[in-house]
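Chemist:
Numbering (UniProt numbering), first residue to last: 1 to 131.
In C-alpha cells:
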C-alpha cells in the first residue's frame, strides 16, 4: 500500500477526494491544495490516468521534520537515491517552502541537490549531472 498525495486547485479538494474514493482510494484526508490517500500501484496508475481534478499525483519517498538546513540535508541524504535513478541520469530540484532557518527556496534547493549528489558520491564514488 502506497501513501500518495494528489494536488489540485484550491477549492476543489473535496471533489478530488470523492473522485479518488470512486477510483478506490482509502483513508483520504483533505488538506489545502490536495488530498492525502492510500492505494496500491493499480490505484496510483488509475488516478494518473483517470483523475480530472488532480494536477499531480505524488509518491513521497520519505517524510521527516525539518527545523534546520542540516535536518533537510540529512533527511534527503537518507534516501537510497541510486535505487531510484542511475548516476548516468540528469536531475533537477524544484523546491518550495521556507522556515526560519531556510529563508529562500533557492537555498533549500541547493541543500537538497548537495545531499543527493553527496549520497551518490559516498555510495558509488561518482556523481550524477544536475540540470
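Built from N, CA and C at the ideal position, the CB exists for glycine as well.
Every value quoted in this text rests on a predicted model; they were computed, and no experiment measured them.
So which of 94, 16, 40, 45 has the shortest CA-CA distance to residue 34?
Modeler: One-based indexing of the chain shown puts residue 34 at position 34. Checking every option, the nearest Cα to that of residue 34 belongs to 16.
Chemist: Please report the straight-line C-alpha distance between residue 121 and residue 97, rounded to a whole angstrom.
Modeler: To locate residue 121, count along the chain shown from 1; it is residue 121. To locate residue 97, count along the chain shown from 1; it is residue 97. Cα-Cα distance, rounded: 27 Å.
Chemist: Counting C-beta neighbours from all protein chains within 10 Å, is the total for residue 9 16 or more, i.e. buried, or is it exposed?
Modeler: In the chain shown, the residue the question calls residue 9 occupies position 9. Exposed: under 16 other Cβ atoms inside 10 Å.
Chemist: Output needed for residue 51: all residues of its chain with C-beta closer than 8 Å, excluding positions within five of it in sequence on either side, in chain order.
Modeler: In the chain shown, residue 51 corresponds to position 51, counting from 1. Closer than 8 Å at the Cβ level, and outside the excluded window around residue 51, lie 6, 16, 19, 20, 23, 57.
Chemist: Can you tell me which of the three DSSP states residue 140 falls into?
Modeler: For the chain, the structure presents residues 1 to 131; residue 140 sits outside this window and is missing.
Chemist: Beta-carbon within less than 6 Å of residue 101's beta-carbon, same chain only, minus the 5 sequence neighbours each way: which residues are those?
Modeler: Residue mapping note: residue 101 aligns to position 101 of the chain shown, counting from 1. Closer than 6 Å at the Cβ level, and outside the excluded window around residue 101, lie 68, 69.
Chemist: Bridge partners of residue 31, per DSSP?
Modeler: In the chain shown, counting from the first residue as 1, residue 31 sits at position 31. Note: residue 31 sits in a beta bridge opposite 34.
Chemist: Should the region 35-50 be regarded as contacting the region 69-82, the criterion being three or more beta carbon pairs within less than 8 Å?
Modeler: Output reads no: the region 69-82 does not touch the region 35-50.
Chemist: Expressed to the nearest angstrom, what Euclidean distance is found between the alpha-carbon atoms of residue 54 and residue 91?
Modeler: Here residue 54 is taken as the residue at index 54 of the chain shown, counted from 1. Here residue 91 is taken as the residue at index 91 of the chain shown, counted from 1. Those two C-alpha atoms are separated by around 24 Å.
Chemist: Alpha carbon to alpha carbon, what distance is there between residue 30 and residue 72?
Modeler: Position 72 of the chain shown, counted from the start, is the residue given in the question as residue 72. Position 30 of the chain shown, counted from the start, is the residue given in the question as residue 30. Their backbone Cα atoms lie some 25 Å apart in a straight line.
Chemist: Would you list, in sequence order, the uninterrupted beta strand (DSSP E) runs of no fewer than 3 residues that lie entirely inside the UniProt domain "THUMP" (43-131)?
Modeler: Complete beta strand (DSSP E) runs here, min 3: 56-58.
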